[in-house]
Amino acid sequence: MTRQQRMLLRYVQNYKDEKKLGYSLSEDLFSWILQPGTSSFSGYNLEKGELAEFINEARTGKHKNTVLIIENIDRYSRASPAKSGEIFLSLVNSGVHIHEVETGEIFTENLNLEMLSSSLTRANRESVRKQNLSKASWSNRYDEAVEGKNVLTKRVPNWITIDDKKYVLNPESYIIQVIFDRFCEGIGTTTIARELNRNNMLIGTSKWYPQNVNRILTDKRVCGWLISTNDNRVDTRLYPQIISDEQYKRVQDIKASKIPLIKHKPTEEMNNLFNGISTCGLCNASVSVIKQVYKKTTVYRRLYCAKRKGLQEKSCSALSVRYDFIENAVYNHILNFDWKSFLAQEDNDDLLTTLTNDLVQKNNYAAELRKIIESASIPELSFIRTLNNINNDILNIQSQLAAIQNEPITLDTNSFDITNKEDRVKYNLALRKVVAAINITRHPNHDTFTVIEFIYHARKIKHVILINSMTGDLISNITCAENDGNYSIVTSSMAIYYDCSTGTVEIEGIKLPETMALLILFMESQKVDEDIINKVRDHI
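Under the numbering used here, the first residue of the sequence shown carries the number 9, and numbering increases by one thereafter.
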């Protein structure tokens, strides 16, 4: 890929419009389409990945007057000439010029169909020849591996080595069993990784992280299976088996269950200051902090949605964001407020009754579960997970009751030093008493901004922070408080007040157009009454 990039870059730098097409090429006005490790012979690269996305966008007219530069035709596709030709022509007909660096050919609306057909056929035939050679070689190695005479491939998982043409387990392979056992006990991947690192239980020199523990838990090679990536070849059990088929199935059942694993209290080693309350704003999945190294020197952490990064099924499109940006924004701009001032007194009695009844029911249910668990020699894991879930609900209800019954709660961020390990734990626990959830969203269609939405236990408070995704700079910090139909919507530079008794709107502060637009968008997102929003517009 490095070789290809250098060649394409030189082509851009040295390009001269010898065919009088009416444009030049600039290295400041291009982007790479990267698709490593996928087969152009199967046509996969035309169906999924960055090239496929470019093709689909081009067909809608998005890339008209764009140039696609490729090393040669077989880097674009080695699929059947009919399939690759149809897509190739659709690109050209959508206004995309295709430059083939190796031959210097430029394919436009006036392309030579015979030359294109010849190039596509040549690319396909070369792949067919290589495929036939590969099949013959693989077949011979497969027969020898089944007979125990040789190994099928030397690319093996790191808990296996090759000794005298046989697959054997490493001394450290017992760690795989530990991972499966701990997960079946209800321990999450983050805690498992922490325990393994603390006890120096490594396979090789790499540290454990939640994502590689999770990969181990879904890797069928622990059961001895060598998984074929070719649809025409069957999976084969050639490796030594560490995990039984029964235990592997049990782990997959646990992972497929919607009941969460046992939640652990925040620890001094936690890297997410908002552990337990931070979620993805697009799909409500958990978010994880993952360390990344840039150019082997700069180390930073990014916040990923679990369903985006592959910690769970990949089904979310939310983009990652620098974690330190989120931490600074939340720590510096979290609300300091008195809950009671936002809860109407007449509402308190009804809310107290509802919460108290709910707490009694949860406590009774938890007591019954504890009896079942304590009476069984090996209790069902589902009972343990359910009990933990109920205990979390009880803590949440108790926090809400405390907000109404006890003295007003104020979260004074100045009392915490979040660079101190002990204070990070205290801050997390204090934050949970005020905030039920922090939804973090960097939408793929609006990636310049990251939205941080706070869900407070005091439900009549709405609060959103908007930051620049690239710099972490604060763009807006908007709060909405509602009490008996009266609204106060406040930013750092202006405020909107609505009096329901008179139906009037007052606006104070600096009325900047951008701030006003953000305030109205915020009110719409929080489903503020349309009549109030219209009065704000009229006032403007």
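Where a beta carbon is used, it is the ideal one built from N, C-alpha and C, also for glycine.
None of these values were measured; they are calculated from a predicted model.
If you look at leucine 529, you'll find it isn't in any beta strand (DSSP E); it sits in the alpha helix (DSSP H) that goes 521-533. When DSSP reads this structure, glycine 103 sits in no beta bridge, so it has no partner. Counting the other Cβ atoms within 10 Å of the Cβ of proline 521 gives fewer than 16, which makes it exposed.
Counting along the chain, the unbroken beta strand (DSSP E) around phenylalanine 115 starts and ends at 113-115. About 59 Å separates the beta carbon of glutamine 185 from that of isoleucine 114, a gap too long to meet the 8 Å contact definition. The C-beta distance from alanine 503 to glycine 517 rounds to 6 Å, short enough to meet the 8 Å contact threshold.
Annotation for threonine 512: no residue places its beta carbon closer than 7 Å to its own, counting only its chain and skipping 5 residues before and after. The C-alpha of asparagine 436 is placed about 41 Å away from the C-alpha of asparagine 178. By the neighbour-count criterion, in which a residue is buried when 16 or more other Cβ atoms sit within 10 angstroms of its Cβ, proline 452 is exposed. As computed with DSSP, aspartate 507 is found in a beta bridge with Thr512. The region 331-343 and the region 279-293 touch, with three or more beta-carbon pairs separated by less than 8 Å. Taking a C-beta distance under 8 Å as the contact criterion, leucine 281 and cysteine 324 do not qualify as a contact pair. Sorting Ser32, Asp172 and Thr197 by C-alpha distance to the C-alpha of valine 221 places Thr197 at the top. Our two residues, aspartate 481 and threonine 499, have alpha carbons roughly 15 Å apart in a direct line.
Linking leucine 529 to isoleucine 342 through their CA atoms gives a straight-line distance of about 21 Å. Secondary structure note for aspartate 171: it is in no alpha helix (DSSP H), and the uninterrupted beta strand (DSSP E) holding it is 168-171. Considering only Tyr312, Glu254 and Leu234, the residue with the shortest C-alpha distance to arginine 245 is Leu234.
Under DSSP, lysine 174 takes part in a beta bridge, and its partners are Asp171.
Burial check for alanine 326: the Cβ neighbour count within 10 Å reaches 16 or more, so the residue is buried.
DSSP, read as helix, strand or coil, puts cysteine 288 in strand.
Listed as beta-bridge partners of valine 338 by DSSP are no residues whatsoever. Check the Cα spacing between serine 102 and each of Glu376, Thr116, Thr111 and Ile426: the tightest is with Thr116.
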